[in-house]
């Protein structure tokens, strides 16, 4: 069965669950004027909320696709990342430098397990 | 068990199924000369066909990665998207602006549930 | 249950398993000075090792996201790809031209089935 949550503007659901796996929408910062570390921190806080609201948590992230527009700011992103996730629960990850995130510095797509 | 369908040029299968989940190949328009809305419409029609041929449908899309080369054309893409999917069945989604799709304006990677 | 393997620098795990599915981290070449075909070959060899160490193999790849920085070198990537995978076991795939892979020509994100 497929469960969907958080309808956003007739465009997407924020979370879809299938077979014990949660597929999250791409998450950007609420405040796009923050610097990379600030945007990354906000992204991870939003992911925390989405996971908690759907029977999961940051300890259950399976994999993350991280899109950023300036690879030079990967260290700043990593500071927020390391503050967010303990080593024992780190997911797999890819960080891809892309051309345009509609003005944002970072967008993160997470897949997680239901607890 | 893993089921594969639609071998394409010794390069990829168009659909792979595992544990009730369908992984689709990246889909581009058949006619790369169409504008964004036209290309998006063709992409979604092809995804419809791939889903129908593999025991799924547009009501069972879990998540979509949408790569586009011009973020300014996201509204045109969204028109085709909204015409394709009813709110109740919207998947999660991320739209990423990338450098090069081999001449196409949009490529879409879908994961779906088997009915 | 979620199983994680190959902790890398307090940043990521190389492989995470959940419900019979393996999520691999983005893989780049060990030697970033190689040309595209050489980097792709090294990437696929590393994926082979990660799969073998986690109860899977190249015959069980479900889908691959291939990020490259120069679409003109896709044919060179495809030569290494075809040498790696037999037609019967080809996964689904998308090849996306992106702006920056931290100096590498190719990064590959694989999802696979446990045997």
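Chains as they are written, first to last, in the working numbering: chain A, 2 to 116; chain B, 2 to 116; chain C, 2 to 116.
Even glycine gets a Cβ: it sits at the ideal position worked out from N, Cα and C.
If you follow the beta strand (DSSP E) that residue i is part of, which residue opens it and which one closes it?
i: residue 28(A); result: Neither: residue 28(A) is in no beta strand (DSSP E) and is coded neither H nor E.
i: residue 91(B); result: First-last for residue 91(B): undefined, no H or E at that position.
i: residue 108(A); result: 107 to 114
i: residue 64(A); result: 62 to 69
Using a 10 Å radius around the Cβ and a threshold of 16 neighbouring Cβ atoms, would you call residue i buried or exposed?
i: residue 8(A); result: exposed
i: residue 37(C); result: buried
i: residue 54(A); result: exposed
i: residue 11(C); result: exposed
i: residue 15(C); result: buried
i: residue 31(A); result: exposed
i: residue 5(C); result: buried
i: residue 100(A); result: buried
i: residue 84(A); result: exposed
Mind reading off the beta-carbon distance from residue i to residue j? Whole number of angstroms is fine, and I expect it under 8 Å.
i: residue 113(B); j: residue 52(B); result: 6 Å
i: residue 41(B); j: residue 72(B); result: With 8 Å as the limit, residue 41(B) and residue 72(B) do not qualify as a contact, their Cβ atoms being about 14 Å apart.
i: residue 66(B); j: residue 92(B); result: Not a contact, Cβ separation roughly 10 Å.
i: residue 33(B); j: residue 98(B); result: Not confirmed; about 18 Å, so no contact.
i: residue 56(C); j: residue 109(C); result: At roughly 20 Å, the Cβ-Cβ gap does not stay under 8 Å, so residue 56(C) and residue 109(C) are not in contact.
How is residue i classed by DSSP in three states: helix, strand or coil?
i: residue 44(B); result: helix
i: residue 49(B); result: helix
i: residue 98(A); result: strand
i: residue 10(A); result: coil
i: residue 5(A); result: strand
For the alpha helix (DSSP H) containing residue i, name the first residue and the last one.
i: residue 80(B); result: 75 to 85
Which residue wins for smallest C-alpha separation from residue i, given the options the options?
i: residue 44(B); options: 106(B), 115(B) and 116(B); result: 106(B)
i: residue 74(A); options: 84(A), 5(A) and 39(A); result: 39(A)
i: residue 94(B); options: 49(A), 70(A) and 111(A); result: 111(A)
i: residue 18(C); options: 90(A), 108(A) and 82(A); result: 90(A)
i: residue 47(B); options: 60(B), 27(B) and 61(B); result: 27(B)
i: residue 60(C); options: 102(C), 88(C) and 25(C); result: 88(C)
i: residue 49(A); options: 2(A), 86(A) and 70(A); result: 86(A)
i: residue 69(A); options: 76(B), 96(B) and 81(B); result: 96(B)
i: residue 22(C); options: 13(B), 3(B), 81(B) and 25(B); result: 3(B)
i: residue 102(A); options: 13(A), 81(A), 25(A) and 29(A); result: 29(A)
i: residue 58(B); options: 13(B), 20(B) and 25(B); result: 25(B)
Any heavy atom of the ligand NAP closer than 7 Å to the Cβ of residue i?
i: residue 46(A); result: No copy of the ligand NAP occurs in the structure displayed, which carries no ligand at all.
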